[in-house]
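Please read the structure below before turning to the comments.
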Amino acid sequence: MRVGVVGGGFSGLMAAYRMLELGFDVELFEEHGRVGYPPHCTGVVSQETVEGIGRPAKEALEASYEGLIITLDQVKCKLRTREGIAKLNRVGLEEILLREVSRRGTPRLGARVKRVTPQGSLELASGEKISYDIVILAEGVHGKLRAQIGLLHNPTTSLGVNIEIPGSPPWEKGYFKVGFAPAMNGYTWEVPVGDRLVVGALSIDPREAVRAAKKLAGDKKRLRVYGGRVIHGPPLPRARRGRVVVIGDAAGVNKPVTGGGLWPNTVLVNMWAGLIESGLDILEAFDKAYSSIYSRLYKQYKLARAFYEASARERTKLLRFLGSLLERGLCDSLNGRIGYDSHEELFGVILRDPRLLLKAAPLMLRNIDIIKKIIL
Ligand SMILES: Cc1cc2nc3c(=O)[nH]c(=O)nc-3n(C[C@H](O)[C@H](O)[C@H](O)COP(=O)(O)OP(=O)(O)OC[C@H]3O[C@@H](n4cnc5c(N)ncnc54)[C@H](O)[C@@H]3O)c2cc1C
Numbered sequence: 120m121r122v123g124v125v126g127g128g129f130s131g132l133m134a135a136y137r138m139l140e141l142g143f144d145v146e147l148f149e150e151h152g153r154v155g156y157p158p159h160c161t162g163v164v165s166q167e168t169v170e171g172i173g174r175p176a177k178e179a180l181e182a183s184y185e186g187l188i189i190t191l192d193q194v195k196c197k198l199r200t201r202e203g204i205a206k207l208n209r210v211g212l213e214e215i216l217l218r219e220v221s222r223r224g225t226p227r228l229g230a231r232v233k234r235v236t237p238q239g240s241l242e243l244a245s246g247e248k249i250s251y252d253i254v255i256l257a258e259g260v261h262g263k264l265r266a267q268i269g270l271l272h273n274p275t276t277s278l279g280v281n282i283e284i285p286g287s288p289p290w291e292k293g294y295f296k297v298g299f300a301p302a303m304n305g306y307t308w309e310v311p312v313g314d315r316l317v318v319g320a321l322s323i324d325p326r327e328a329v330r331a332a333k334k335l336a337g338d339k340k341r342l343r344v345y346g347g348r349v350i351h352g353p354p355l356p357r358a359r360r361g362r363v364v365v366i367g368d369a370a371g372v373n374k375p376v377t378g379g380g381l382w383p384n385t386v387l388v389n390m391w392a393g394l395i396e397s398g399l400d401i402l403e404a405f406d407k408a409y410s411s412i413y414s415r416l417y418k419q420y421k422l423a424r425a426f427y428e429a430s431a432r433e434r435t436k437l438l439r440f441l442g443s444l445l446e447r448g449l450c451d452s453l454n455g456r457i458g459y460d461s462h463e464e465l466f467g468v469i470l471r472d473p474r475l476l477l478k479a480a481p482l483m484l485r486n487i488d489i490i491k492k493i494i495l
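Using this note's numbering, you'd call the opening residue of the sequence shown number 120 and step up by one each time.
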């Protein structure tokens with residue numbers, strides 16, 4: 120079976136890597152002359168993601184953490200996650216995946232695809248036309264080819280900015296920080312990696328993202344500055360047209376709260392590969408795997424929507440509400456029990472903890488408008 124992959128970002132490379140392991144004949148097209156460039160991603164992922172990607176992620180590992188310290192509306196919550204968190208070298212990861220894909224497949228760098236049909240035909244900018252049994256579209260957030268096959272998508276996006284500065288953190292080792300001020304329309308991060316810190320912010324207001332990242336960097340020497348558009352869902356409801364499937368940022372396969380794309384795409388591709396191995400037809404297997412990740416991401420999207428698609432007043436109210444919940448015991452309840460990728464489990468944790476539920480109930484009743492938005 121011949122598989123054509125459009126896009127040599129994480130999602131395209133990861134899909135190509137798995138399809139090659141299954142013995143398919145894979146050709147991958149990347150418009151740039153190298154993979155990983157321009158860099159944009161911070162590369163913070165769960166340990167589950169590292170395991171899911173396998174050897175390439177272990178090779179690209181830069182640091183590991185037990186959890187994160189969240190500062191929300193003056194409340195500080197030190198949260199150990201159910202499994203560890205890792206920082207990957209993102210350019211390195213794509214280079215390693217490319218090396219793996221090159222072993223058995225055919226990566227074509229500097230090759231831009233300009234047209235795709237639902238029947239699985241690609242036309243390159245050079246004029247060359249090729250047909251495949253299946254095309255995997257992993258072209259990133261712009262989604263121009265996806266639109267050609269009638270799969271329209273208009274997710275909420277923010278701008279994310281990373282600044283790398285020298286220094287080590289004054290807080291406890293093994294943790295990174297997440298905060299909201301000074302990016303009230305998004306969030307900030309401070310991630311220690313050896314003798315440097317990756318500080319950054321994302322916001323639906325691009326100027327705020329730049330301002331917040333600069334504020335965190337202070338007057339420290341800027342070693343690297345990079346970033347790009349981050350997707351907050353919803354995921355594309357249907358991600359296949361004929362013989363063409365869409366994955367990655369192009370389909371909004373991202374954790375909507377943080378915009379993280381590596382975990383959901385790893386889950387999607389691994390589940391897809393597993394179903395093919397169990398004997399399902401490749402397209403049927405995709406539909407099944409996609410609908411499973413879609414429903415999980417859609418639950419997370421409801422929480423993200425209550426934040427990113429709200430008015431400034433509603434956003435402040437949501438942050439206060441979550442801050443008060445953390446203060447009243449949510450932080451302790453979550454400690455060690457919630458996964459880095461499981462934002463949809465947040466309210467489940469409250470409902471399963473009778474003591475916390477008792478303390479949180481009056482607050483939840485006062486904020487019933489927010490709860491309704493997240494649940495319905
Ligand atoms: C600031 C920032 C921080 C982030 N931090 C994290 C994080 O900590 N953890 C996490 O999990 N995720 C994070 N993300 C999200 C993550 O980076 C993305 O979800 C992921 O990189 C998406 O990969 P992709 O392969 O779908 O798309 P892309 O990485 O955009 O790759 C698409 C590729 O397709 C190529 N292409 C496009 N059109 C064509 C064409 N017509 N022909 C040939 N090639 C084409 C492009 O050149 C590109 O290489 C972050 C994103 C940003 C912007």
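By construction, the Cβ of each residue, glycine as well, lies at the ideal position given by its N, Cα and C atoms.
On a predicted model such as this, the values are computed, not experimentally measured, just so you know.
Straight-line gap, residue i to residue j (C-alpha atoms, nearest Å)
i: D400; j: S240; result: 20 Å
i: A205; j: G455; result: 16 Å
i: S461; j: V468; result: 11 Å
i: Q419; j: R121; result: 35 Å
i: S287; j: L187; result: 16 Å
i: K421; j: N486; result: 16 Å
i: V317; j: F295; result: 10 Å
i: R199; j: E185; result: 6 Å
i: P356; j: K339; result: 44 Å
i: G229; j: R424; result: 37 Å
i: R137; j: G313; result: 31 Å
i: G128; j: A135; result: 11 Å
i: A302; j: S411; result: 33 Å
i: I268; j: D451; result: 48 Å
i: G378; j: A320; result: 12 Å
i: V232; j: L180; result: 32 Å
i: A369; j: V260; result: 5 Å
i: K177; j: T168; result: 10 Å
Cβ-based neighbour list, residue i, same chain, cut-off 6 Å, excluding 5 preceding and 5 following
i: T276; result: R348, I350
i: Y459; result: S165, T200, I204
i: N373; result: I350, G380
i: S245; result: none
i: E327; result: A302, N304
Same chain only: Cβ atoms within 7 Å of residue i, ignoring 5 sequence neighbours per side
i: R343; result: E283
i: S443; result: L482
i: D406; result: R359
i: G371; result: H272, P274, I350, G352, P353, P354, L355
i: G298; result: T190, Y306, T307
Residue span of the beta strand (DSSP E) that contains residue i, given as start and end
i: R227; result: 225 to 228
i: P311; result: 305 to 312
i: T190; result: 180 to 191
i: L207; result: 194 to 207
i: E242; result: 240 to 243
i: R153; result: From DSSP, R153 is part of no beta strand (DSSP E); its letter is neither H nor E.
i: K339; result: Looking at the DSSP string, K339 is not in any beta strand (DSSP E), and its letter there is neither H nor E.
i: T276; result: 276 to 285
i: G123; result: 121 to 125
First through last residue of the alpha helix (DSSP H) which encompasses residue i
i: G298; result: Careful: G298 lies outside any alpha helix (DSSP H), inside the beta strand (DSSP E) at 294 to 298.
i: A369; result: Careful: A369 lies outside any alpha helix (DSSP H) and carries neither H nor E.
i: G379; result: Unbroken run through G379: none, as it is neither H nor E.
i: R432; result: 431 to 444
i: L470; result: 465 to 471
i: I268; result: Counting along the chain, I268 falls outside any alpha helix (DSSP H), and DSSP gives it neither H nor E.
i: D488; result: 487 to 494
Simplified DSSP state of residue i, which is helix, strand or coil
i: A358; result: coil
i: P481; result: helix
i: A423; result: helix
i: N454; result: coil
i: V260; result: coil
i: N384; result: helix
i: G131; result: helix
i: R231; result: coil
i: S414; result: helix
i: E140; result: helix
i: E247; result: coil
i: G448; result: helix
i: A320; result: strand
i: G398; result: coil
i: G173; result: coil
i: G162; result: coil
i: G352; result: coil
i: Y459; result: coil
i: E167; result: helix
i: E428; result: coil
Own chain partners of residue i with C-beta closer than 8 Å, once the 5 adjacent residues on each side are dropped
i: K248; result: S240, L241, E242
i: M133; result: I172, L216, N384, T385, V388
i: S439; result: Ser is not the amino acid found at residue 439; the sequence shown has Arg there. The answer, listed in chain order, is D192.
Closer than 8 Å: residue i CB and nearest ligand 2 heavy atom
i: W382; result: The ligand content of the structure shown is limited to ligand 1, which means ligand 2 is not among them.
Any chain B beta carbon closer than 9 Å to residue i
i: V329; result: Protein chain content of the structure displayed is limited to a single chain, and chain B is not contained in it.
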